[in-house]
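Q: In this note's numbering, the protein residues as written are 3 to 96.
All C-beta atoms in this analysis are idealised placements derived from N, C-alpha and C, irrespective of residue type, glycine included.
1) Taking the alpha-carbon of residue 11 as reference, which of 39, 58 and 69 has the nearest alpha-carbon?
2) What are the complete alpha helix (DSSP H) segments, minimum 4 residues, inside the region 17 to 82?
3) For residue 80, count neighbouring C-beta atoms within 10 Å of its own C-beta (all shown protein chains included) and say buried if the count is 16 or more, exposed if not.
4) Could you check which residue in 33, 14, 70 and 26 has the C-alpha nearest to that of residue 59?
5) What residue from 67, 57, 93 and 85 has the CA that sits closest to residue 28's CA?
6) Under the three-state reduction of DSSP, which class applies to residue 88: helix, strand or coil?
7) Look up residue 9 in the DSSP assignment and give the residues it is bridged to.
8) From this set, 78, 74 and 61, which residue's C-alpha is nearest residue 90's C-alpha?
9) Return the residue from the list 24, 36 and 84 that minimises the CA-CA distance to residue 14.
10) If you drop the 5 nearest sequence neighbours on each side, which residues of the same chain put their C-beta closer than 8 Å to that of residue 86?
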C-alpha cells in the first residue's frame, strides 16, 4: 500500500505517512504539521503548529494564541501581547 502524502502548513514540505502512523494535525488550525514544526502550548498543552504560537511581551516564552491576550495601554498606537500567566501575576500593568 503506498504511503499517503500531506503537506506541512509551516514549511510546505511533503509529509510521508506509512500505514499505522498518524499524521499530526494542529488542534487550532486543523492543518497537517511535520514533527519539526509541532509544539505543545506551555499553558493549555494543546498540540499546535508554529504558526499558532505567540510570544509574550512580558516573559520569554511562547504559547498558543488562545492563551495570549492583546493589550493597548492608555491610547498608545501599538498592542502588546500578554500570556495568561503574566496577566495573573500583573506583569502587564507595568
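A: To lay it out plainly:
1) Taking the first residue of the chain shown as 1, we reach residue 11 at position 9. Per the Cα distances, 39.
2) With a minimum length of 4 residues, no continuous alpha helix (DSSP H) run stays inside the region 17 to 82.
3) One-based indexing of the chain shown puts residue 80 at position 78. Exposed: under 16 other Cβ atoms inside 10 Å.
4) The sequence position of residue 59 within the chain shown is 57, counting from 1. Checking every option, the nearest Cα to that of residue 59 belongs to 70.
5) Residue 28 sits at position 26 when you count from the first residue of the chain shown. Minimum Cα distance to residue 28 is reached at 67.
6) Sequence index remark: in the chain shown, residue 88 carries index 86 (1-based). In this structure, residue 88 counts as helix in the three-state DSSP scheme.
7) Here the question's residue 9 lines up with position 7 in the chain shown. Residue 9 pairs with 16.
8) Indexing the chain shown from 1 puts residue 90 at position 88. Nearest C-alpha to residue 90 among 78, 74 and 61: 61.
9) Counting from one through the chain shown, the residue named residue 14 turns up at place 12. The shortest Cα separation from residue 14 among 24, 36 and 84 belongs to 36.
10) Here residue 86 refers to the residue found at position 84 when the chain shown is read from its first residue. Cβ within range, chain order: 45, 65, 69, 70 and 71.
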